[in-house]
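Novice: A single structure is presented below for examination.
Residue numbers (the UniProt record's numbering): 1 to 963.
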């Protein structure tokens, strides 16, 4: 059909093309959905759901929507303002080569980056195998018995190690000794974390201070190995001193160096942390990168973060699952050992695959080349008469350049290189995998005096040896498991990656209807810029004038997010929602302290809140007081008033989620904010459900003082299988001075650094920039309204089969609904978990299981799903209800039915014996559409209890495990 010739030019230019691509509901489908709900129009529906008292009256002041091509062109120009000098800064961040097969098939592959945290083990076997590879890699290289599945960054991993040691050792001291030669950003984050917990951090900035402090009183010690200046110390005697005091010895280390130097586990370290950034993840101005933590076996049940373990499925075959502390915040709340909810899964997968691809020989070859170049560089600098500090080192040299320091730095920049200033009168030079012979010669040129001949590379390279003493050289094997010694060709590696991704269910296969997690479209145009060199190859501590593109990106994104939230100031530094919560509570704490009211330490938290809320409050030293919810799931205002009165003198804040965790817009939220303010407290509004607010209401305008946002939810950064994320902290005007700073980067702030890098996970910020730029204010508002429409459509269509547990006064929900399955337990023995597992047979990831109410499913369809996909999910749920009815009516037994036996694997369906009272067809193809597209689950239902009782968290021979 030909288009009308009378169409205006603006329509032909199609500036809002992306809006229609992001929002899955076509205009012609909206009337059908509204009819099912019983609403006259979308406007009428929104008016009936969002309280008039909080509705915004002014649209967001954002640039008009741009096409995908226009937005990419604008961002490319912005990226071009970054200068890509060769950085020899080091300090925990290094150039690396991402193998093309990993770049294209993992980092740029939606089968990997759109997956959710592997809470549903049966549909996450591929990425969990990759994470077990990661854990094995870390254990092998560090020499430690157990490691977790990644941490947020090296600095926060070190801070978590500090608190792990505090709760694990016998020493009762409150003092923590830190080597001054640790990375400065690590020291800064440790100091930020220690202060609210009353831990005294003691810095040793010289050998004399170190020896003196090691003789004193402390519960743990942290040393960098190799040190930030490059020096490699023999720390064995210091470990003995710490252990004699019943204290822990923590080591921050470098995995590439550990292929050549003795691993900490072989000389008595208790906890080992670091980053895997140089295993294939670009620097990206600071992140995302997967940090790691490994520890003694005795500490494993207190280990923070995620831990992937081996269990068995119902058929007795090995299967992976999250072990021990899965979602422990939602169970232990303020007693949780950490507020970390997820990790850095996608970067951890990249790092593990880098080790799989290169293997032990490849990693050692890369490390030896780096170390050899470092030795050659040192010999040439010595020949030039440079003031080199001759100490054992792996990849970093330091020079005492005194008054000449700044002049040398400027000369380096003029020649296209960045060096690192250390303690004002020293320079550090770090080499890495990308270093070439020409780079070494460039460094010699920087230090050569006028007219001085450059050294000859050829004269040094024959018989070159790393600057590592024999006594510190590694002699033990590592990465001996077959997975690290098999996939050498690109063909083999490609097939291994594909084999793992085929086991998993991600957003590229079907809707992931998780409540509170907002699994929306991660558009390709949003993802393209993250691997542009102008963003990916920037060092986080490069001079500010070389990061003008990032600075402008940061400013624009903060301005746009302020428009969306109604807040006055935002920091993008927190690299996860949990860290944004933590930063927000520190801002509140700092504000009270500035007014001479440090005693205000009571944090009120409704019983329905996300588990990270009380965990974060505990981490900043606040006392958690739980307030009740009423029968409709709202905050019980009478109980809140009583608690405010009771704790008025010490009230610091309240933490609420809005819309509530129960999926409802609470009508009294403004009264709640006023009540807390009247008692001197501040209001923290958890931004987890911001996808129901953007364009309609702004927490900073209806009474919130602080919020964190999850850019990996509302603003389209992918979940990445459980990370990366970004958790900006947003505040009102009088709290702006208390936003995070970063002294290491020269950035002032009311609190210290929250993350290792000043911009946190900067490399993924272009994703949210692209999303907002392509949607515009109208598009973002339409997305919010469509998300609410879709949730109410599902709730309405399923009301006769599964009642929605909570609803507003007109019977509507917000952007998610809680389906009540509790009634089936008594009549059929069916639990919500059984429905979740049966949904796998229908090709769906389960909704959020048993949170916030046990034995329920919380569904959030998001605005990105089409009516076809919504109906496919509804039809699956109705079909499952019919299966439950068959149990109710006695047509199927309670202990042998499609729900209790789900998920069904192809292997069991093809077995010669089939003893169940339902057909193979009913198990595999419960609805006809599955015959055209069927996801086959690789394992049967996983035994969680067996996995915790028989904890294995690394690559092991299957026969040995099962025996």
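C-beta atoms are modelled at their ideal positions from N, C-alpha and C, and glycine is treated no differently.
1. Per DSSP, which residues does residue 313 bridge with? Please list them.
2. Could you tell me the distance, in whole angstroms, from the CA atom of residue 955 to the CA atom of residue 136?
3. Looking only at DSSP bridge pairs, what is residue 293 linked to?
4. Would the region 142 to 152 and the region 284 to 297 be scored as touching if the rule is three or more Cβ pairs under 8 angstroms?
5. Look at the Cβ atom of residue 519, then the Cβ atom of residue 530, and state whether they are nearer than 9 angstroms.
6. Taking three-plus beta-carbon pairs below 8 angstroms as touching, is the region 744 to 760 in contact with the region 628 to 638?
7. Quick check on residue 655: does DSSP put it in helix, strand or coil?
8. Just list the residues that DSSP pairs residue 254 with in beta bridges.
9. In whole angstroms, what separates the C-alpha of residue 86 from that of residue 443?
10. Taking only runs that begin and end inside the region 18 to 55, name each unbroken alpha helix (DSSP H) of 4 or more residues, in chain order.
11. Taking just the CA atoms, how far does residue 132 sit from residue 958?
12. When burial is assigned at 16 or more other CB atoms within 10 Å of the CB, is residue 167 buried or exposed?
13. By alpha-carbon positions, which one of 249, 806, 779 and 853 ends up nearest to residue 21?
14. Hey, out of 376, 142, 183 and 199, whose CA is closest to residue 260's CA?
15. Is DSSP giving residue 324 helix, strand or coil here?
16. I'd like the list of long-range same chain contacts for residue 198, defined as Cβ closer than 8 angstroms, with 5 residues on each side in sequence excluded.
17. Per DSSP, residue 582 forms a beta bridge with which residues?
18. Which of the three DSSP states is assigned to residue 485 in this structure?
19. In whole angstroms, what separates the C-alpha of residue 34 from that of residue 48?
20. Using a Cβ-Cβ cut-off of 7 angstroms (strictly less than) and excluding sequence neighbours within five positions of residue 378, which residues of its own chain qualify?
21. Tell me, to the nearest whole angstrom, how far the beta carbon of residue 474 is from that of residue 276; I am working on the premise that it is less than 8 angstroms.
22. So what does residue 225 bridge to, in DSSP terms?
23. Exposed or buried, residue 326, counting other C-beta atoms within 10 Å across all chains shown (16 or more means buried)?
24. Helix, strand or coil: how does DSSP classify residue 629 here?
25. DSSP on residue 82, reduced to helix/strand/coil?
26. What do you get for residue 516, buried or exposed, if any count of 16 or more other CB atoms within 10 angstroms of its CB means buried?
27. Run the proximity test for residue 476: is its beta-carbon closer than 8 angstroms to any non-hydrogen atom belonging to the ligand NAP?
28. On the criterion of 16 or more Cβ atoms from any shown chain inside 10 Å, does residue 900 qualify as buried, or is it exposed?
29. Taking the straight line between their C-alpha atoms, what separation do you get for residue 371 and residue 280?
30. Going by DSSP in three states, residue 382 sits in which element: helix, strand or coil?
31. Ordered along the chain, which non-local residues of its own chain (more than five positions away) have a Cβ less than 7 angstroms from that of residue 806?
32. Could you check which residue in 904, 24 and 76 has the C-alpha nearest to that of residue 553?
33. Kindly indicate which residue of 557, 660, 606 and 679 has the alpha-carbon position closest to the one of residue 600.
34. Given residue 576, which residues of its chain have a CB within under 6 angstroms of its CB, disregarding the five upstream and five downstream residues?
35. Taking all protein chains shown into account, decide if residue 485 is buried (16 or more other Cβ within 10 angstroms of its Cβ) or exposed.
36. Give, in chain order, every unbroken run of the alpha helix (DSSP H) that is at least 4 residues long and sits entirely within the region 522 to 599.
Specialist: So, from the data block:
1. DSSP lists 942 as partners of residue 313.
2. The straight-line gap from Cα to Cα measures roughly 6 angstroms.
3. Residue 293 is bridged by DSSP to 273.
4. With the cut-off at 8 angstroms, the region 142 to 152 and the region 284 to 297 touch.
5. Cβ distance not < 9 angstroms, so residue 519 and residue 530 don't count as in contact.
6. Segment contact: the region 744 to 760 against the region 628 to 638, fewer than three CB-CB distances shorter than 8 angstroms; contact not assigned.
7. Strand, per DSSP.
8. For residue 254, which the question treats as bridged, DSSP gives the partners 275.
9. Cα-Cα distance, rounded: 11 angstroms.
10. Assignment of alpha helix (DSSP H) within the region 18 to 55, counting only whole runs of 4 or more residues, yields 27 to 37 and 42 to 49 in chain order.
11. Interpretation of residue 958 is limited by its pLDDT of 47, a score under 50 that renders its predicted location unreliable; the figure taken from the coordinates is listed afterwards. Taking the straight line joining both Cα atoms gives about 13 angstroms.
12. Around the Cβ of residue 167, a 10 Å sphere holds fewer than 16 other Cβ atoms; the residue is exposed.
13. Here the closest residue by C-alpha is 779.
14. The candidate whose alpha carbon is nearest that of residue 260 is 142.
15. Here residue 324 sits in coil by DSSP.
16. Result list for residue 198: 174 and 621, in chain order.
17. In the DSSP output, where bridge partners are listed per residue, residue 582 has none listed.
18. Shown here, residue 485 sits in coil according to DSSP, grouped into three states, outside any helix or strand.
19. Between the alpha carbons of residue 34 and residue 48 lies a distance of about 13 angstroms.
20. Taken in chain order, the residues that qualify are 388, 397 and 467.
21. Incorrect: roughly 18 angstroms between the Cβ atoms, too far for contact.
22. Under DSSP, residue 225 forms a beta bridge with 253.
23. Because residue 326 carries a pLDDT of 47, less than 50, the predicted location of this residue cannot be relied on, and the following value inherits that uncertainty. Per the 10 Å Cβ criterion, buried.
24. Three-state DSSP puts residue 629 in a strand.
25. DSSP places residue 82 in strand when its eight states are reduced to three.
26. Buried is the call here.
27. In terms of ligand content, the structure shown is empty, and the ligand NAP therefore cannot be addressed.
28. Counting Cβ neighbours within 10 Å, residue 900 comes out buried, since at least 16 surround it.
29. In this structure, the CA atom of residue 371 is about 18 angstroms from the CA atom of residue 280.
30. Residue state, collapsed to three classes: helix.
31. Only 632, 633, 662, 663, 664 and 818 meet the Cβ criterion.
32. The shortest C-alpha separation from residue 553 is found at 76.
33. Comparing Cα positions, the closest option is 679.
34. Only 152, 725 and 727 meet the Cβ criterion.
35. Burial check for residue 485: the Cβ neighbour count within 10 Å stays below 16, so the residue is exposed.
36. Fully enclosed alpha helix (DSSP H) runs of 4 or longer: 524 to 527, 533 to 536, 548 to 565 and 577 to 594.
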